[in-house]
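This report concerns only the one structure given below.
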Amino acid sequence: MIRLLSKRKVFFRVLLFFLPFFVFGVVTDLIAEALLCASVSLLLWHYNHLFRLADWLWLRKTYVTPTGRGVWEGVYDGIYRLQKKNRKKRNQLARLIRRFRQGAEALPDGVIVLKNDFTIIWCNKLSRVFFGLKWPEDNQQNLRNLLRYPEFNTYTQQENYSQPLLIYSPMNAEQVLEVRIMPYAEDQLLLIARDVTQLKQLEQMRRDFVANVSHELRTPLTVLSGYLEMFGDAAPSDDIWPKAHRMMEEQSKRMDTLINQLLVLSRIESGKRHSFEEKVNVPEMLHLIHSEAEALNKEYHHQLEFHIDDGLEVYGTADELRSAFSNLIFNAIYYTPEQGLVHVYWEMQGEEACFYVKDNGDGISTEHIHRLTERFYRVDRARSRSTGGSGLGLSIVKHVLSRHQSSLQIESQVGHGSCFRFALPEGLVVKEKEEQAFIAE
Ligand code: ADP
245 MIRLLSKRKV FFRVLLFFLP FFVFGVVTDL IAEALLCASV SLLLWHYNHL FRLADWLWLR
305 KTYVTPTGRG VWEGVYDGIY RLQKKNRKKR NQLARLIRRF RQGAEALPDG VIVLKNDFTI
365 IWCNKLSRVF FGLKWPEDNQ QNLRNLLRYP EFNTYTQQEN YSQPLLIYSP MNAEQVLEVR
425 IMPYAEDQLL LIARDVTQLK QLEQMRRDFV ANVSHELRTP LTVLSGYLEM FGDAAPSDDI
485 WPKAHRMMEE QSKRMDTLIN QLLVLSRIES GKRHSFEEKV NVPEMLHLIH SEAEALNKEY
545 HHQLEFHIDD GLEVYGTADE LRSAFSNLIF NAIYYTPEQG LVHVYWEMQG EEACFYVKDN
605 GDGISTEHIH RLTERFYRVD RARSRSTGGS GLGLSIVKHV LSRHQSSLQI ESQVGHGSCF
665 RFALPEGLVV KEKEEQAFIA E
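To convert, take the position in the sequence shown, counting from 1, and add 244; that gives our numbering.
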């Protein structure tokens with residue numbers, strides 16, 4: 245450890261340095277010359293150290309200071325310590341910035357740090373994806389010039405950031421971004437962009453849903469109130485009454501079906517997650533649906549065949565599965581022209597329990613298939629109405645299946661027919677019967 249020299253020590257050292265020169269001056273009677281010589285030597289020694297210091301400060305890349313003696317030892321050591329302290333502080337700061345950046349990178353939002361004039365200081369990875377920014381090329385660029393959105397420019401010029409701004413991502417026209425700007429520090433802004441596409445879609449779906457429900461309910465209500473108005477107080481005449489009665493009955497049935505399906509849908513959606521402890525006797529359920537289907541089939545005269553594995557039970561919710569099976573079976577009957585073929589299967593395929601309904605009806609063209617499970621979606625509105633369909637059946641099936649770890653697969657060919665299929669995973673198949681049979685053997 246280097247100790248700083250005290251003033252007294254320095255004074256004595258200088259005296260000690262001059263003493264031999266002084267003695268030599270006295271002996272030779274050249275005191276002034278001897279002292280001058282001592283002073284010049286001392287000056288040269290100091291200049292030598294000064295040059296070494298300047299050389300190290302400006303030219304050397306090493307942190308190790310030159311070695312010195314006397315007062316210079318303390319100076320060099322002081323500078324070395326100061327540098328070490330600064331380096332430590334700089335590392336701490338760098339670590340802090342790195343941690344802040346890692347945090348900002350982990351955010352599920354796009355983050356851009358800007359100067360007040362919208363010059364980019366830093367941006368995270370997600371904001372580069374959202375806005376197509378390049379890093380570090382776009383460092384110090386003005387965000388307004390890069391984005392070129394008139395609404396963004398107007399928004400930023402107003403300097404009122406209390407409400408967020410919604411814009412479409414320049415990289416993906418379907419992605420909606422919610423942009424928020426927050427002033428911070430003295431002259432900086434923090435821009436946070438969040439992907440709200442799904443939220444917007446849900447909002448749109450909710451709006452469409454309410455509009456569709458209102459529309460679907462208004463039609464039968466118009467028919468009913470039209471007839472009631474026509475009759476007024478008087479009893480309807482005999483020639484109008486049979487038609488009016490039939491129409492009113494049909495329309496109230498439609499309303500009843502629609503409301504029932506809406507209730508089923510909302511019950512399924514709001515129902516809690518399954519624990520899958522309830523055993524469902526699917527074969528028994530399908531035999532019951534079979535007899536209902538036969539009654540319905542009296543109008544259509546299809547060749548209706550059920551191929552059921554009587555030992556195949558599953559875990560699930562009976563009401564929900566019944567609704568899925570019957571929707572698919574009745575659809576096949578409704579949408580197959582008279583005297584068609586409708587085959588229903590319930591069997592093991594590999595480790596899964598498979599259900600599928602095949603018909604040789606009109607089939608569905610490809611562009612409709614991926615939309616069939618949307619609420620109120622119907623390929624042919626008029627046709628679906630004549631069958632009493634509301635367009636909610638397949639949407640119920642989709643929800644039921646997703647709650648049973650499965651999904652609906654639809655294969656169809658126009659003019660050849662359709663096949664609606666789903667498979668319940670191995671974990672939902674009841675295996676007890678097989679085990680009992682095995683033990684009995
Ligand atoms: P709906 O109550 O109108 O039957 P769904 O959601 O059950 O509503 O079905 C949606 C649409 O899918 C139907 O309107 C119909 O156009 C079509 N569809 C369903 N099943 C079949 C099928 N087996 N064959 C042909 N089209 C079908």
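Think of the CB as a built atom: it goes at the ideal place given N, C-alpha and C, for glycine as much as any other residue. Quantities reported herein were computed from a predicted structural model and do not represent experimental measurements.
Between the region 412 to 424 and the region 437 to 451 there are three or more C-beta pairs closer than 8 Å, enough to call the two in contact. Following the DSSP letters along the chain, one finds Ser514 inside the alpha helix (DSSP H) bounded by residues Trp485 to Ser514.
Scanning the region 397 to 464 for uninterrupted beta strand (DSSP E) segments of 3 residues or longer gives 409 to 413, 416 to 428 and 432 to 439, listed from N- to C-terminal end.
Separation of Gly318 and Thr363 (C-alpha to C-alpha, rounded to the nearest whole angstrom) is 46 Å.
Taking a 10 Å sphere around the C-beta of Pro264, we find fewer than 16 other C-beta atoms and assign the residue as exposed. Comparing C-alpha distances from Ser639 to each of Asp500, Ile365 and Leu509 shows the shortest one belongs to Leu509.
Here Val315 carries a helix assignment [DSSP, helix/strand/coil]. Distances taken from the Cβ of Ala429 to the heavy atoms of the ligand ADP include none shorter than 7 Å. In the DSSP secondary-structure assignment, Thr363 is bridged to Asn386. Under DSSP, Glu591 shares a beta bridge with Cys598. For Gly637, the enclosing alpha helix (DSSP H) has its first and last residue at Gly637 to Arg647. For the 8 Å CB-CB criterion, Asp606 and Gly659 form a contact. Under DSSP, Ser283 forms no beta bridge with any residue.
By the neighbour-count criterion, in which 16 or more other beta carbons inside 10 Å mark a residue as buried, Ala350 falls on the exposed side. Here Phe255 is exposed, its C-beta having fewer than 16 other C-beta atoms within 10 Å.
DSSP lists Cys663 as the beta-bridge partner residues of Glu655. Per the C-alpha coordinates, the member of Gln402, Leu377 and Thr398 positioned closest to Leu390 is Leu377.
For Lys523, the three-state secondary structure derived from DSSP is strand. Relative to the non-hydrogen atoms of the ligand ADP, the Cβ of Ser567 never comes closer than 7 Å to any of them.
Shortest gap from the CB of Val454 to any heavy atom of the ligand ADP: 7 Å or more.
Of all alpha-carbon atoms in Leu540, Lys328 and Leu668, the one lying nearest the alpha-carbon of Tyr307 is that of Lys328. Residue state for Leu616 is assigned as coil, using DSSP reduced to three classes.
Contact between Leu636 and Gln448 is ruled out by a C-beta separation of about 18 Å, above the 8 Å threshold. Around the beta carbon of Thr617, 16 or more other beta carbons sit within 10 angstroms, so the residue counts as buried. Excluding residues up to 5 positions away in sequence, Val524, Val526, Ala597, Leu668, Leu672, Val673 and Val674 lie with their Cβ nearer than 7 Å to the Cβ of Val558 in the same chain. Burial is judged here by how many other beta carbons sit within 10 angstroms of a residue's own beta carbon; Gly354 has at least 16 and is buried. The C-beta of His643 has 16 or more other C-beta atoms within 10 Å across all chains shown, which makes the residue buried.
Note that the C-beta distance between Ala568 and Val457 is not below 8 Å. DSSP, read as helix, strand or coil, puts Gln336 in helix.
Residue pairing by DSSP puts Gly354 in a beta bridge opposite Ala437. Contact between Phe599 and Phe520 fails: their C-beta atoms lie close to 17 Å from each other, not under 8 Å.
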